[in-house]
Structure formats: structure tokens, C-alpha cells
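464 is the number of the first residue of the sequence shown in our numbering; add one for each residue after it. The structure appears below as C-alpha cells.
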Amino acid sequence: MTVHTNSQAHRQIDNLFLALRDQAGVPNDFVSRFLSQPAPEQDVAADIANSLAFFTRVYGPPLFDRYYAAEIPFDYGEAFPGLMYLSVWTFQAVGDSGYEEIFWSHEMAHQWWGIGVEPAGYRDAWLAEGFAEFSGLWYMQLILRDNQKFFKHLDHWRREIQARRNDAPPIGIGWRAEQLNARDYTLTTYHKGAWVLQMLRNLMLNVRTMDEDTFIATMRDFYRRYRGRRASTRDFQKVVEQHLGVDMSWFFDEWVQGTAIPTYVLAWNTEPAQNGHYTLRVRIRQEDAPEHFTMPVPLKIGFADTTLHALARLSVTGSVTETTLDLPAEPKRLEFNPFQSVLAQIKDEPWE
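Structure representation (C-alpha cells):
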């Protein structure tokens, strides 16, 4: 892994600006400042190399054997086969939000998603950008060992998506989203696309063991099948269906081709049952979504002993979903949609 902080490139840009000023008759008072701190490539190279290793483990081997990362004097990043351009600003003092780790590894992830597997068309652009955005977030969660930062970024994206829930187009419209609002392409293709993978990740999660084997196997299989080729959203859906063993049209219709962002309103009560057990009644009202909108949503149940909890999945469909659970102890608190499992707003209301 090679990281270039190319001072020669900076000098060439200086000379270009000076030449343009000469041609325009502007006084040459242009001052060059090298923004990179001493030895910044060491911090960047570590995350680039670590993300390369992580993505190889979870997705499979990339196309190339050697990779280069270069500093550019702009505020964006871009990936090419075997090469990543990284904004000069990320070579400054690294903050503690996790942003830099997401940014660097997002560009590395394009060696799998966008280059290793190329979207079949503009409607499938989220297979590159959404996949890379999720990959960067996943890497940040792992390398920093910080779930709270992971959830904070997801929640920030959720609030931005939710604010445009009545106006933003679906993911499947691709770059044409910019025709309505300049921010909508990033909002849908990048951030909502990342959320789709987060939802699949948690939908495939084994709630008893908390292992992610099914999700990882799905991603590896998709990459293996289409490595060095083009793939569509439908191709990805077929791989997901093969690993889950069920038709997933409803999921892709709702989240890739649709625009609804549901609101779930939770109410619950409990009462003693036989043999020291308790009966838990749960009601979920679904708002801001069509009547047919359905989604399995996890429910985390806490008890007086804070070291114990129970996890269940509730299938939420239509305007009201009600269910009853038999529990071995009295529930003290409920968390609907733990682990940011579904792109939704959560509210509470009293049981009446």
C-alpha cells in the first residue's frame, strides 16, 4: 500500500494558477500553503491498509494486487482501478467522530463496489455508492470498536432522509434524483442505499447468537458471482433471496423502488400470568406508509436484572399490529427497533 502526499502536484497547481493570473493580467500575489501535516500518510495508510484487509475478509479478494492512495487539493474523494484520490482535508488532524475512517474506507470499498462489481445502469448506482458508504460505516464500527458512533451516523442519515420523505425520489432513480434537489442523489443513492444494507444485515442477524454469517455470506456470494462484471439490483435481489430462501420482492419494492419512511408508535402493558410468568401485550401503530407496507422489526425486552434481556421480531403490517408474548419475568422496559434495524422514526404512547 502506497500513500502519496504529492507536494510536486501542489507546486504544479501553483504554477498553473500563476500562469492563469499572468494571462488575465492579475497581480501575482497568490500564496501557496501546504495543508498536510508532517507524516500524515502514516495515519491514512493504516486505515487504508486495514480496510483493505477487512473488505477482503468479508467480501473476498479484490481485482488487483497493488493499491495507491494519493492526496488531492480538493474536498472530495474518488476511486479508480487500484487508485484512490483522498481530499487534502482528511490529512489534517483527525477528529473523533469517525468521519475520516468512513471517508477513507469508502474509497477503498469502491475496489469491490463500483470497480470490482460495476452497476449495470444508472438505476443501479446504489450498488456502488450505497454499498461503499455502508462498507465505510461498517469498517468504522469495527476499527473504532464504537457502536455509538456507528448508530449516530445512521441516525443522522435517517433524520436527513426523513426530512425529505415527502419529496425525495426512490433509490432506483439514480442520478436523476438531482433534477429535483441537488442533495437528493447523495441522500438516496449513498445514505439510503447504505441503510438498505444495514436493514438486510439486521434482518439476517441471528438474534440468538448475534452472528452475521448469513449477511457476510450473501455479500461474498454476490461479489464472487459478479466480480469483474456488471450487476443490477435484480441480480443482487436474487442472491439475497437464495440465501434467505424466501421471495424478497416486497423488501426491494419498499426500500429501493419506494419512498415511504414509516413511523412506528409503540404502546404496551403487562400483567401477571400463571407460574410466575407475565403476559406482555404490544401494539404498534404504523404511520407515514402505505397500508400494505410490511417490515419485520426487532423488539428488545429488558427485565429487573439488567444483565438479562429478550429479543423478538414483530412483523409490522398495516395501520395497527398487535401481539402477545409470554415472558418468564416481568418486563421493565421495551426498546422497539434496537440496533437501528429499520429506517424508521420511533415514538411511544400510553396503553389505552
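Note that beta-carbon positions come from the ideal geometry of N, C-alpha and C, so glycine has one too.
Simplified DSSP assignment, three categories, for residue i
i: Gly593; result: helix
i: Ile578; result: coil
i: Leu790; result: strand
i: Arg697; result: helix
i: Phe537; result: coil
i: Gln500; result: Its pLDDT being 49, under 50, Gln500 is placed unreliably in this model, and the coordinates cannot settle the point.
i: Tyr530; result: coil
i: Ala583; result: coil
i: Asp618; result: helix
i: Leu515; result: helix
i: Ala773; result: strand
i: Trp814; result: coil
i: Arg796; result: strand
i: Ala542; result: strand
i: Gln424; result: This structure leaves residue 424 out entirely; the chain is present only between 464 and 815.
i: Asp510; result: helix
i: Arg608; result: coil
i: Ala752; result: coil
i: Tyr522; result: helix
Endpoints, alpha helix (DSSP H) assigned at residue i
i: Ser550; result: Run containing Ser550: none in the alpha helix (DSSP H); it sits in the beta strand (DSSP E), 546–550.
i: Phe566; result: 562–572
i: Gln803; result: From DSSP, Gln803 is part of no alpha helix (DSSP H); its letter is neither H nor E.
Residues bridged to residue i [DSSP beta-bridge criterion]
i: Arg746; result: Ala730, Glu785
i: Thr757; result: Thr780
i: Ile624; result: For Ile624, which the question treats as bridged, DSSP gives no partner whatsoever.
i: Gly599; result: Answer is none; Gly599 lacks a bridge partner.
i: Tyr741; result: Pro735, Leu790
i: Phe887; result: The chain is shown from 464 up to 815; residue 887 falls before or after that span and cannot be answered.
Interface flag, residue i vs chain D, CB-CB below 7 angstroms
i: Arg520; result: The displayed structure is made up of one protein chain only, and chain D is not part of it.
Decide yes or no for the touch test of the segment 701–708 against the segment 753–762: beta carbon pairs closer than 8 angstroms, at least 3 of them.
Segment contact: the segment 701–708 against the segment 753–762, fewer than three CB-CB distances shorter than 8 angstroms; contact not assigned.
Could you give the uninterrupted runs of the alpha helix (DSSP H) lying entirely in the segment 706–739, keeping only those of 4 residues or more?
Within the segment 706–739, the complete alpha helix (DSSP H) runs of at least 4 residues are 712–718.
Three or more C-beta pairs below 8 angstroms linking the segment 691–702 and the segment 664–671
At 8 angstroms Cβ cutoff, the stretches do not touch.
Output the residue ranges of the alpha helix (DSSP H) runs that lie fully inside the segment 629–695 and measure 4 residues or longer, sorted by chain position.
The qualifying runs are 656–666, 676–689.
If you pair each beta-carbon of the segment 511–531 with each one of the segment 678–686, do three or more pairs fall below 8 angstroms?
Judged by Cβ distances under 8 angstroms, the segment 511–531 makes contact with the segment 678–686, as three or more pairs qualify.
For the pair the segment 722–729 and the segment 598–607, tell me if three or more CB-CB distances fall below 8 angstroms.
Three or more beta-carbon pairs separated by less than 8 angstroms are not found between the segment 722–729 and the segment 598–607, which leaves the two stretches without contact.
Any chance the segment 535–543 sits against the segment 565–577, with 3 or more Cβ pairs inside 8 angstroms?
Cβ pair count under 8 angstroms is three or more, so yes.
Three or more C-beta pairs under 8 angstroms: does that hold for the segment 799–814 against the segment 760–768?
Enough Cβ pairs lie closer than 8 angstroms, so yes.
Counting Cβ pairs, one atom from each stretch, are 3 or more of them under 8 angstroms apart for the segment 771–781 and the segment 626–636?
Judged by Cβ distances under 8 angstroms, the segment 771–781 makes no contact with the segment 626–636, as fewer than three pairs qualify.
Touching by the beta-carbon criterion (3+ pairs, under 8 angstroms), the segment 710–724 and the segment 787–799:
The segment 710–724 and the segment 787–799 do not touch, with fewer than 3 CB-CB distances between them shorter than 8 angstroms.
Between the segment 551–562 and the segment 585–596, can you find at least three pairs of beta-carbon atoms closer than 8 angstroms?
The segment 585–596 is not in contact with the segment 551–562.
Tell me, please, whether the segment 634–650 touches the segment 781–793 by the rule of three or more beta-carbon pairs shorter than 8 angstroms.
No: the two stretches stay apart, fewer than three of their Cβ pairs being nearer than 8 angstroms.
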